[in-house]
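The block underneath contains the structure these notes are about, expressed in structure tokens.
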Amino acid sequence: MSARYLDAAESVMNVYSFLDSLKAEHEESLAMLSESPVVEQLGKATAGLPALLKIALQNEMEALEIAASWAATAPEPEVKLAFARNAGDEARHYQMLEEKMRAMGVDLSRFRPLDFPSPLLSYLRTLHTSAERVAAVLVTRKAVGARCNVQFLKYLEAVGVREIAALFRQTIIPDGHRYHASGWEILPRVAVSHADQQRARRASLRVLSICEEVRSLAMLRTGAPAVPGC
Ligand SMILES: [Fe+2]
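Mapping of the sequence shown onto this note's numbering: residues 322 to 551, in sequence order.
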């Protein structure tokens with residue numbers, strides 16, 4: 322067996338052991354997000370539904386902003402296409418949610434979702450390699466976002482906003498799962514070297530911790546037992 326073949330086989334093994342350990346770390350951090358919000362507290366949000374939905378709108382716009390900028394700068398066609406498709410879907414989520422909020426009578430005339438970027442967007446803007454970007458957004462942010470949104474959907478159902486609940490159930494949550502799955506498929510192709518794997522892992526863990534901080538703060542600020550995914 323040639324040395325080159327052995328090197329290639331070892332590198333493939335390394336990629337898969339890297340993915341396995343990252344998945345294990347994820348499961349540990351995401352486990353608590355799988356718990357359902359306490360049903361009795363679902364109607365007790367002090368901030369009110371419009372404030373919670375504005376968090377969701379800001380999430381959509383920030384997700385669109387970062388995906389569009391990475392679609393423009395990714396060198397690999399596969400990564401470029403993944404972020405371009407993602408940017409388009411986030412724009413669609415924003416538009417659909419905005420329409421439903423306006424129909425409910427929420428005033429969005431002065432709403433500028435990018436005026437105060439979240440700590441997550443500020444961090445994502447510092448990432449430069451495809452390995453980090455795919456790990457941070459597709460693999461990690463989408464996992465956290467989908468789980469938070471499943472909890473937020475329970476809140477929406479409890480307060481009886483059926484149309485917006487349907488938007489989360491039928492579109493926003495399934496899209497999040499789809500991008501998350503695509504992230505795990507793309508990651509082994511862009512995080513081949515040990516250095517890239519280290520960077521991807523660091524970015525992923527940082528996103529998990531920022532999302533947890535942002536989520537806790539939002540729950541404290543709004544009094545809601547579930548907030549939209551970041
Ligand atoms: Fe979205």
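The C-beta atom is built at its ideal place from N, Cα and C for all residues, glycine as well.
Unbroken alpha helix (DSSP H) run spanning residue i, endpoints
i      : result
GLN491 : Element bounds for GLN491: n/a, residue is neither H nor E.
ALA539 : 515-543
Rounded straight-line distance, which links the Cα of residue j to that of residue i
i      : j      : result
LEU429 : ALA377 : 13 Å
LEU370 : HIS515 : 45 Å
TYR415 : SER390 : 17 Å
LEU442 : VAL400 : 19 Å
LEU373 : ALA486 : 13 Å
ARG454 : ARG523 : 11 Å
ARG520 : ASP410 : 27 Å
ALA384 : LEU445 : 10 Å
ILE494 : PRO440 : 22 Å
Closer than 7 Å to chain C by CB, residue i
i      : result
ALA389 : Although the question refers to chain C, the structure presented lacks it and comprises just one protein chain.
Proximal residues to residue i (C-beta, below 7 Å), its chain only, five neighbours per side dropped
i      : result
ALA403 : LEU459, SER503 and ILE507
Same chain only: Cβ atoms within 6 Å of residue i, ignoring 5 sequence neighbours per side
i      : result
GLN379 : PRO434
TYR500 : ASN407, LEU459 and LYS463
ALA392 : LYS401, PHE404, ALA405 and ALA408
Spatial neighbours of residue i in its chain, beta-carbon cut-off 8 Å, leaving aside the 5 residues before and after
i      : result
MET382 : GLU411, TYR415, PRO434 and LEU435
LEU340 : TRP505, LEU508 and PRO509
ASP496 : ASP410 and HIS414
Say whether the region 451-467 touches the region 525-532, bearing in mind that this needs 3 or more beta-carbon pairs closer than 8 Å, one atom from each stretch. yes
Whole alpha helix (DSSP H) runs in the region 368-441 with 4 or more residues, listed along the chain? 370-394 and 398-424
Check whether the region 398-413 and the region 422-436 are in contact - that is, three or more C-beta pairs closer than 8 Å. no
Complete runs of the alpha helix (DSSP H) confined to the region 441-513 [at least 4 residues]: 451-454, 463-480, 483-488 and 494-511
Quick one: any contact between the region 542-550 and the region 471-484, if contact means 3 or more CB pairs under 8 Å? yes
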